[in-house]
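Each remark here refers to the structure printed beneath this line.
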Amino acid sequence: MDREGFKDGFDILGIGRNILARSSRTGLNSASHEKRSVTHRILNKISELNKVASLTTVHHRHLVFLVGYCTNKNHLALIYEYMPNGSLYDHIRGNKAVIQTFRWCDRVRITLEAAQGCVLPIIHRDLKSHNILLGHDMVAKISDFGLSKYCLSGRVTTSSDVFSFGVVLLEIVTGEPPVVPTTVHILQRVKEKVTTGNIEAIVDPRLDGDYDVSSIWKVVDIALLCTKEASDERPTMSMVVAQLKDALALEEARNVSICDISQKGANLGLSFNSMPSAR
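Numbering (the UniProt record's numbering), first residue to last: 1 to 279.
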């Protein structure tokens, strides 16, 4: 598959992980600084494409599959598998949220699946609710690995992803965006309310009380740990996964209890209806 590369007569030919730089220059009298500049651009391009190519070999249930990529001059396009049910953002605050409120159980399950996708040794760099996508079966997958930003800075660590994930957790609890004009960041907003101990002041009102309070508190606690100012005080993603499993178990146990109570009520009603009428 041919890849067109740079101006100044340079092309990039890429097949899988093998990249060949080819010069179509016919003259040899270019200035040395121009040669160094072009060489540097080629090496950067090769490095970028090799990193993208390596991601095509990564397969995980909770990572969007990278089908391929295209490059033309200074532009790089990544081609992912199609995810028909939009993003977590769409269901929390986007167009899908208008149709139906995402239950607390679904919010925890989806962020748990996203956390499992973050356990792999890949630095996503751009982790947010927009980039947690949902497939046909509503299974969550992480997309947009943010390669270009990582290549530019080279200073990103896994603790950066942990912080970003903590912000996502605060989003599913509050139903609010991280940044609201004329007010403070979501982290500061939640911290101020946590001190009162009133969980209802924190939780998305659209949930209408349909949640296990202990499950909510556990997710809030995880989020605040993830967003610690000192990166070495933040948990690993494996630790986050374990805590989210506990939070989901609490919510699922509540749902089972509600079902049991409903079933007992239905059986009791059936018993009364089956009794002979008084004479």
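Glycine residues also receive a C-beta, built at the ideal position from the N, C-alpha and C atoms. Being a predicted model, the structure only gives us computed values, none of them experimental.
Residue i, DSSP secondary structure in three states
{"i": "residue 117", "result": "helix"}
{"i": "residue 255", "result": "helix"}
{"i": "residue 134", "result": "strand"}
{"i": "residue 166", "result": "helix"}
{"i": "residue 26", "result": "Low local confidence applies: a pLDDT of 38 at residue 26 is under 50, so the model's placement there is unreliable, and no value is given."}
{"i": "residue 71", "result": "strand"}
{"i": "residue 211", "result": "coil"}
{"i": "residue 230", "result": "coil"}
{"i": "residue 127", "result": "coil"}
{"i": "residue 39", "result": "Confidence at residue 39 is low in this model, with a pLDDT of 48, below 50, so the placement of that residue is unreliable and no value is reported for it."}
{"i": "residue 100", "result": "coil"}
{"i": "residue 158", "result": "helix"}
{"i": "residue 176", "result": "coil"}
{"i": "residue 107", "result": "helix"}
Euclidean distance between Cα positions of residue i and residue j
{"i": "residue 222", "j": "residue 72", "result": "42 Å"}
{"i": "residue 81", "j": "residue 68", "result": "9 Å"}
{"i": "residue 149", "j": "residue 213", "result": "Unreliable positioning characterises residue 149 in this predicted model, as indicated by a pLDDT of 47, which lies under 50. A coordinate reading is not provided."}
{"i": "residue 203", "j": "residue 108", "result": "13 Å"}
{"i": "residue 85", "j": "residue 91", "result": "9 Å"}
{"i": "residue 132", "j": "residue 160", "result": "16 Å"}
{"i": "residue 111", "j": "residue 169", "result": "7 Å"}
{"i": "residue 39", "j": "residue 79", "result": "Caution applies to residue 39, whose pLDDT of 48 falls short of 50 and renders its modelled position unreliable; the value that the coordinates give is listed next. Approximately 27 Å between the Cα atoms of the pair."}
{"i": "residue 217", "j": "residue 231", "result": "22 Å"}
{"i": "residue 198", "j": "residue 236", "result": "28 Å"}
{"i": "residue 59", "j": "residue 65", "result": "7 Å"}
{"i": "residue 98", "j": "residue 206", "result": "11 Å"}
{"i": "residue 338", "j": "residue 128", "result": "Absent from the model: residue 338. The displayed extent of the chain is 1 to 279, so no value can be given."}
{"i": "residue 227", "j": "residue 215", "result": "19 Å"}
{"i": "residue 106", "j": "residue 256", "result": "15 Å"}
{"i": "residue 62", "j": "residue 100", "result": "24 Å"}
{"i": "residue 174", "j": "residue 189", "result": "10 Å"}
{"i": "residue 242", "j": "residue 74", "result": "42 Å"}
Residues that residue i bridges to, as DSSP identifies them
{"i": "residue 142", "result": "63 and 132"}
{"i": "residue 80", "result": "66"}
{"i": "residue 87", "result": "133"}
> Taking contact to mean at least 3 C-beta pairs separated by less than 8 Å, is the region 177-186 in contact with the region 241-250?
Replying inline: The answer is no - the region 241-250 does not touch the region 177-186, with fewer than three Cβ pairs under 8 Å.
> Do three or more CB pairs link the region 132-143 to the region 111-121 at distances below 8 Å?
Replying inline: The answer is yes - the region 111-121 touches the region 132-143, with three or more Cβ pairs under 8 Å.
>> Report the start-end ranges of each alpha helix (DSSP H) in the region 180-205 that is 4 residues or longer and not cut off at the edges.
In response: As far as the region 180-205 is concerned, its whole alpha helix (DSSP H) runs of at least 4 residues are 186-194.
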